[in-house]
Each structure stands twice: as structure tokens, then as C-alpha cells.
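Student: Numbering-wise, our numbering puts 38 at position 36 of the sequence shown, and it's gapless, one number per residue.
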Amino acid sequence: MRHTPGEKRVLGLWSAGCLAVFLVLGLLWVGDLSLQWPVLVVPLVWVLVAARPRRSEPAVRNGW
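1. Note down, in chain order, each residue of its chain lying with its Cβ closer than 7 Å to the Cβ of C20, except the 5 sequence neighbours on either side.
2. Could you tell me the alpha carbon to alpha carbon distance between V26 and M3, rounded to whole angstroms?
3. Who are the near neighbours of V49 in its chain, counting only those whose CB is closer than 7 Å to its CB and skipping five residues on each side?
4. Between L35 and V41, what straight-line distance do the alpha-carbon atoms span, to the nearest angstrom?
5. Give the single residue among A22, R56, W31 whose Cα lies nearest to the Cα of V47.
Here is the structure:
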């Protein structure tokens, strides 16, 4: 089953949001947010990649 570009975007944004929440909770629990805040750049980059415009996929050809 293939996902539409819109579904891919929502899934990517959802994943980035979950990652951000878990990173913040982990930093508050065992880390030092004032020192380790750069790890929050990872979900930010993930959001930028997920939110980029996507081209619709070309039709699949039958045959070789």
C-alpha cells in the first residue's frame, strides 16, 4: 500500500512531534536542558524535511 504525499507529510510531522516530546522529557528527566538543547535541532530538521513540497508519484508502468 502506497501513501499519498499528504499522508506522508502528516506521518513525518507526527513522528517529528513525538521525537521532540520524548527528547524534551528525557532532557528534563536525566539531562541538562541548558547544555543539551542542540539535540532538539534533530526534530526541527525532521519537520523541515517532512513539510517540504512533494511531487506526485508517476504512474507505475506494467511490464519490465
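All residues carry an ideal CB built from backbone N, CA and C; glycine is no exception.
Tutor: Based on what the coordinates show:
1. Here residue 20 refers to the residue found at position 18 of the sequence shown. Counting only Cβ-Cβ distances below 7 Å, and skipping sequence neighbours, we find nothing.
2. Translated into the one-based positions of the sequence shown, residue 26 becomes position 24. Translated into the one-based positions of the sequence shown, residue 3 becomes position 1. Cα-Cα distance, rounded: 33 Å.
3. For this step, residue 49 is matched to residue 47 along the sequence shown. Cβ within range, chain order: L15, A18.
4. Here the question's residue 35 lines up with position 33 in the sequence shown. Here the question's residue 41 lines up with position 39 in the sequence shown. Cα to Cα, the separation comes out at about 10 Å.
5. Indexing the sequence shown from 1 puts residue 47 at position 45. Answer by Cα proximity: A22.
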